[in-house]
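To start, the structure itself, in structure tokens.
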Amino acid sequence: MPSGTPKPFYITTPIYYINALPHIGTAYTTIVADTVARFQRYMGREVLFATGTDEHAEKVVQAAKARGMTAEAYSAEMADKFREAWCRLDITFDDFIRTPEPRHHRAVQELVRRLQESGDIYAGDYEGWYCVPCATFFLENDLEEGNCPDCGREVERRSQPAYFFAASKYREPLLKHIEEHPDFIVPDFRRNETVSFIREMRDACISRPNDGWGIPFPNDPAHVVYVWFDALINYITVAGWPDDLERFERLWPADLHLMAKDILPRFHGSMWPAMLMALGLPLPKKVAAHGYWQMGGAKISKSRGNVINPFELASDLEKETGIDFNVALDAIRYFVLRETAFGQDAGFTDEAFRGRLNADLANDLGNSLNRCLPLIERNCEGRVPEGTLDPALAAEVESAAATARAAFEDLDFRGALEAVWAVIAQINRYVGTTEPWALARDPGSAQKLADVLYTAAECIRCVTAMLYPVMPHAVAAMRVQLGLSPAPEGTWNQAVAPGAEGLAGRPVARGNPVFPRVELRPAEPPEPVEREATTVDTVTYEDFMKIQLRVATVESGERVEGADKLYKLNLTLGDEKRTIVAGLAQDFGLDELVGKQIIIVANLEPRKVRGVLSQGMLLAVTDPVTDRPVAIVTVDRPAPSGARLR
Ligand code: ME8
Numbered sequence: 007m008p009s010g011t012p013k014p015f016y017i018t019t020p021i022y023y024i025n026a027l028p029h030i031g032t033a034y035t036t037i038v039a040d041t042v043a044r045f046q047r048y049m050g051r052e053v054l055f056a057t058g059t060d061e062h063a064e065k066v067v068q069a070a071k072a073r074g075m076t077a078e079a080y081s082a083e084m085a086d087k088f089r090e091a092w093c094r095l096d097i098t099f100d101d102f103i104r105t106p107e108p109r110h111h112r113a114v115q116e117l118v119r120r121l122q123e124s125g126d127i128y129a130g131d132y133e134g135w136y137c138v139p140c141a142t143f144f145l146e147n148d149l150e151e152g153n154c155p156d157c158g159r160e161v162e163r164r165s166q167p168a169y170f171f172a173a174s175k176y177r178e179p180l181l182k183h184i185e186e187h188p189d190f191i192v193p194d195f196r197r198n199e200t201v202s203f204i205r206e207m208r209d210a211c212i213s214r215p216n217d218g219w220g221i222p223f224p225n226d227p228a229h230v231v232y233v234w235f236d237a238l239i240n241y242i243t244v245a246g247w248p249d250d251l252e253r254f255e256r257l258w259p260a261d262l263h264l265m266a267k268d269i270l271p272r273f274h275g276s277m278w279p280a281m282l283m284a285l286g287l288p289l290p291k292k293v294a295a296h297g298y299w300q301m302g303g304a305k306i307s308k309s310r311g312n313v314i315n316p317f318e319l320a321s322d323l324e325k326e327t328g329i330d331f332n333v334a335l336d337a338i339r340y341f342v343l344r345e346t347a348f349g350q351d352a353g354f355t356d357e358a359f360r361g362r363l364n365a366d367l368a369n370d371l372g373n374s375l376n377r378c379l380p381l382i383e384r385n386c387e388g389r390v391p392e393g394t395l396d397p398a399l400a401a402e403v404e405s406a407a408a409t410a411r412a413a414f415e416d417l418d419f420r421g422a423l424e425a426v427w428a429v430i431a432q433i434n435r436y437v438g439t440t441e442p443w444a445l446a447r448d449p450g451s452a453q454k455l456a457d458v459l460y461t462a463a464e465c466i467r468c469v470t471a472m473l474y475p476v477m478p479h480a481v482a483a484m485r486v487q488l489g490l491s492p493a494p495e496g497t498w499n500q501a502v503a504p505g506a507e508g509l510a511g512r513p514v515a516r517g518n519p520v521f522p523r524v525e526l527r528p529a530e531p532p533e534p535v536e537r538e539a540t541t542v543d544t545v546t547y548e549d550f551m552k553i554q555l556r557v558a559t560v561e562s563g564e565r566v567e568g569a570d571k572l573y574k575l576n577l578t579l580g581d582e583k584r585t586i587v588a589g590l591a592q593d594f595g596l597d598e599l600v601g602k603q604i605i606i607v608a609n610l611e612p613r614k615v616r617g618v619l620s621q622g623m624l625l626a627v628t629d630p631v632t633d634r635p636v637a638i639v640t641v642d643r644p645a646p647s648g649a650r651l652r
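Quick note on numbering: the numbering used here labels position 397 of the sequence shown as 403, and the sequence is numbered without any gaps.
Here is the structure:
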């Protein structure tokens, strides 16, 4: 590598099992990786983005048999489908690795040979509990009620001569590495899980009897390499190991391995780094594990059958609204990145998806453009006017860009998008308060009108530049309407700066709204699915009972000075008097509240809001799209004041 050339950014997804096609869970990891890859390229870095398929599982042999095919033919067909699926989702991977490829066979066999030589792989006997669908041996202690701790299915007792990897030898060095490199495993709470796992890490059985499918042991073809040991090696195969060491030197270590929490502690956070240590190779810079996408509280997975297919979702949206398939995909990308904090589990519902589509994409983002373009068409001969940028708004844009950039680098996609949406709200407020439609009626305000429309259009351009890694197609459509090239010019730093691309004088080309509103369909009752024991969205009865919900009567109220939304309400709860602050003033008159019996959370920590001490919180129903209160929760007949609900 010539000195001074930064190392390419090497990012990976897990290589997926081929027993079914991509769904919202596997698509999520791949979309996250794609967003990071696009962001890094946009930062001016060379990127190697790799994904692929993990094909040597025993279940492949079973599935191939069931279809009357050889494992080779079946797995080649499935891998093609995966590759096509990612292409259809416009995933910009640079390499797609399949484990049956010769380059990978060479890497696995070479690695095994070296570790046999060094004594880190040794022969022995293995007896344990084996889960066929997961292709994993488990210790007695790890079983859950005698079943596989990962998929919950039955396990079988197996004993066989086998090869072992001396993982336990790397326990202490690995713990030390993690301690010295706090960014190695993120987020924090996943690191802690991994550390507990490593403390117990034992030598791992890494061979299976050869039944004709898998990578044979170099000197003992009666065994194949255990599918997980085989699969993890893909990350160095892609980087050129061991065939092209010059390339490997340039690319390794990987900058980021992405995956969900299922395969972090046991594999990417422990076995894989131990394997690299045994080889004397540097460890990846970062291993990041996100949570699960769930439906009805259960993990979305092929084996559970509660799968949401991103293609169907995008095609349905395309059919329903007439928007381009790729723009529909962008809406899905936006939703999955915005809806959840990276690392946490998240629920997928049609309602939440449609809610964000309407509120964030059609209203906030779409309207920012839709309001300006007709004004430019009518008053500026269809060209973005020359004007002076409003310095305050330009400063907000710059600071949002800095926040978004840092957040993208930190895998905080939600934070990045929140920063962008905060500035979109400011742009919309700016247009609302400067009232360009009124300026247009006053011939003396022509310069002011030009300043406002230029400022708005330019700030929207900056916003599109910030959204490019997340929604490339929607951004292209918006930019074309502004008279720009589909892709931002230059790197992130160049493109997001206000004034960067010379927008003034460009002919605008108003088209259909990029994101139309969609109908909100009533939530369908969730399919009955088996619930996991630990889901994020359940609370115990005891937890629930800690919250005191009580009946209160609204005696009187007034607006809180200086706050458009807030009422101060005076309540009685039995003998007790209380004051609460409620954000209802834009949607409810005081006369709709005074005299009503309402429900409050009575033991919420008191909090000062605009100088008024609020001693509880009133329950109201909020609109899923606008998030504004639409109904107050009350009782259906007079109830004792102060009484508790349960
Ligand atoms: O584990 N929510 O492959 P796999 C979020 N072949 N992410 C999900 C998800 C969900 N509901 N379901 C799946 C394997 N994923 C091995 C990997 S790597 C050397 C070998 C994503 O097809 C997530 O990234 O079971 C998870 O880690 C991965 O798919 C598991 O994919």
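We put the beta carbon where it would ideally sit given N, CA and C, even for glycine.
Exercise. Around the Cβ of Leu95, are there at least 16 other Cβ atoms within 10 angstroms (buried) or fewer (exposed)?
Worked result: Residue environment analysis places Leu95 among the buried positions, since at least 16 neighbouring C-beta atoms fall within 10 angstroms of its C-beta.
For this session: Return the CA-CA distance between Glu611 and Ala645, expressed in angstroms with no decimal places.
Result: If I take the Cα positions, the gap works out to 25 Å.
For this session: Examine chain D for any beta-carbon lying closer than 9 Å to the beta-carbon of Arg384, and answer yes or no.
Result: Among the protein chains of the structure shown there is no chain D, as only one such chain exists.
For this session: State the beta-bridge partners of Ser562 as determined by DSSP.
Result: Ser562 is bridged to Asn576.
Exercise. Does the beta carbon of Thr479 fall short of 8 Å from some heavy atom of ligand 1?
Worked result: The question names Thr, yet the displayed sequence has His at residue 479. For His479, the shortest separation between its Cβ and any heavy atom of ligand 1 does not lie below 8 Å.
Exercise. Straight-line CA distance for Tyr16 to Pro391?
Worked result: Using only the alpha carbons, I get a separation of about 43 Å.
Problem set entry | Check whether Phe348 and Leu417 have beta carbons under 9 Å apart | A contact, by the Cβ cut-off of 9 Å.
Exercise. Is Leu238 near ligand 1, going by C-beta to nearest heavy atom under 8 Å?
Worked result: The answer is yes for Leu238.
Problem set entry | Cβ-heavy atom distance, His111 to ligand 1, below 8 Å | No, Cβ of His111 sits at least 8 Å from all heavy atoms of ligand 1.
Exercise. Measuring CB to CB, does Ile204 end up less than 9 Å from Leu180?
Worked result: Between Ile204 and Leu180, the C-beta spacing is below 9 Å.
Exercise. In angstroms, rounded to a whole number, what distance separates the CA positions of Gly421 and Asp236?
Worked result: For Gly421 and Asp236, the distance between alpha carbons rounds to 36 Å.
For this session: Determine, using beta carbons only, whether Gln300 and Pro222 come nearer to each other than 9 Å.
Result: Not in contact: Gln300 and Pro222 (Cβ atoms no closer than 9 Å).
Exercise. Just to confirm, are Ala406 and Ala428 a CB contact at a threshold of 9 Å?
Worked result: The Cβ-Cβ distance between Ala406 and Ala428 falls below 9 Å.
For this session: Take Asp209 as the anchor and find which of Gly589, Asp126, Phe331 and Phe254 has the nearest alpha-carbon.
Result: Closest by C-alpha distance to Asp209, out of Gly589, Asp126, Phe331 and Phe254, is Asp126.
For this session: Count the CB pairs spanning the segment 450–457 and the segment 424–438 that are closer than 8 Å, and state whether there are at least three.
Result: The segment 450–457 vs the segment 424–438: no contact.
Problem set entry | Ser202 CB to nearest heavy atom of ligand 1 below 8 Å | If you check the C-beta of Ser202 against ligand 1, you find no heavy atom less than 8 Å away.
For this session: Check Ser647 in the structure and name its three-state DSSP category.
Result: Of the three classes helix, strand and coil, the one that applies to Ser647 here is coil, per DSSP.
Exercise. Looking at His229 and ligand 1, is the gap between the Cβ and the nearest heavy atom below 8 Å?
Worked result: For His229, the shortest C-beta to heavy atom distance toward ligand 1 is 8 Å or greater.
Exercise. How is Phe273 classed by DSSP in three states: helix, strand or coil?
Worked result: Three-state DSSP puts Phe273 in a helix.
For this session: Excluding the 5 residues preceding and the 5 following Ser620 in the sequence, name in chain order all residues of the same chain whose CB lies nearer than 6 Å to its CB.
Result: If you ignore the 5 residues before and after Ser620, its C-beta comes within less than 6 Å of the C-beta of Ile586, Val587 and Arg613, all in its own chain and listed in chain order.
Exercise. Can you check whether the CB of Met283 is closer than 9 Å to the CB of Tyr176?
Worked result: In this structure, Met283 lies closer than 9 Å to Tyr176 by Cβ.
Problem set entry | At least 3 beta-carbon pairs within less than 8 Å: the segment 270–283 vs the segment 243–250 | Contact fails: fewer than three Cβ-Cβ distances are below 8 Å.
Exercise. What span of residues does the beta strand (DSSP E) with Lys614 cover, start to end?
Worked result: Segment Arg613 to Val615, the beta strand (DSSP E) holding Lys614.
Problem set entry | Spatial distance of Ala425 from Glu123 (CA atoms) | Looking at the two C-alpha atoms, the distance is approximately 53 Å.
For this session: Verify the contact flag: Pro20, CB atom, against every heavy atom of ligand 1, threshold strictly below 8 Å.
Result: Closer than 8 Å to some heavy atom of ligand 1: that describes the Cβ of Pro20.
Exercise. Taking C-beta to C-beta, are Thr544 and Gly303 nearer than 9 Å?
Worked result: Taking 9 Å as the cut-off, the Cβ atoms of Thr544 and Gly303 count as close.
For this session: Would you mind stating whether Lys65 and Ala141 have Cβ atoms separated by less than 9 Å?
Result: Cβ atoms of Lys65 and Ala141: closer than 9 Å.
Exercise. In three-state DSSP terms, what is Gln621?
Worked result: Gln621: coil per DSSP, three-state reduction.
Exercise. Can you tell which of Glu146, Glu326, Asp131 and Gln487 has the C-alpha that lies nearest to the C-alpha of Cys137?
Worked result: Nearest of Glu146, Glu326, Asp131 and Gln487 to Cys137, Cα basis: Glu146.
For this session: Consider the C-beta atom of Ala91 and the heavy atoms of ligand 1; say whether any pair is separated by less than 8 Å.
Result: For ligand 1, not one heavy atom lies less than 8 Å from the Cβ of Ala91.
Exercise. By a C-beta neighbour count over all protein chains shown, 10 Å radius and 16 as the cutoff for buried, is Asp597 buried or exposed?
Worked result: Counting Cβ neighbours within 10 Å, Asp597 comes out exposed, since fewer than 16 surround it.
Exercise. Using the rule of at least 16 other Cβ atoms within 10 Å of the residue's Cβ for burial, across every protein chain shown, is Pro635 buried or exposed?
Worked result: When all chains shown are included, Pro635 counts as buried.
Exercise. Touch check for the segment 484–503 and the segment 360–369: three-plus C-beta pairs under 8 Å?
Worked result: With a cut-off of 8 Å, the segment 360–369 and the segment 484–503 do not count as touching, because too few Cβ pairs lie within range.
For this session: Kindly indicate which residue of Asn332, Val514 and Ala77 has the alpha-carbon position closest to the one of Glu383.
Result: Checking every option, the nearest Cα to that of Glu383 belongs to Val514.
Exercise. With respect to the alpha helix (DSSP H) encompassing Phe195, which residues constitute its N-terminal and C-terminal limits?
Worked result: Looking at the DSSP string, the run of the alpha helix (DSSP H) that includes Phe195 is Asp194 to Arg205.
For this session: Pull up the CB-CB distance for Gly563 and Leu575, whole angstroms please, since I reckon it's below 8 Å.
Result: Indeed they touch by this definition, with Cβ atoms about 4 Å apart.
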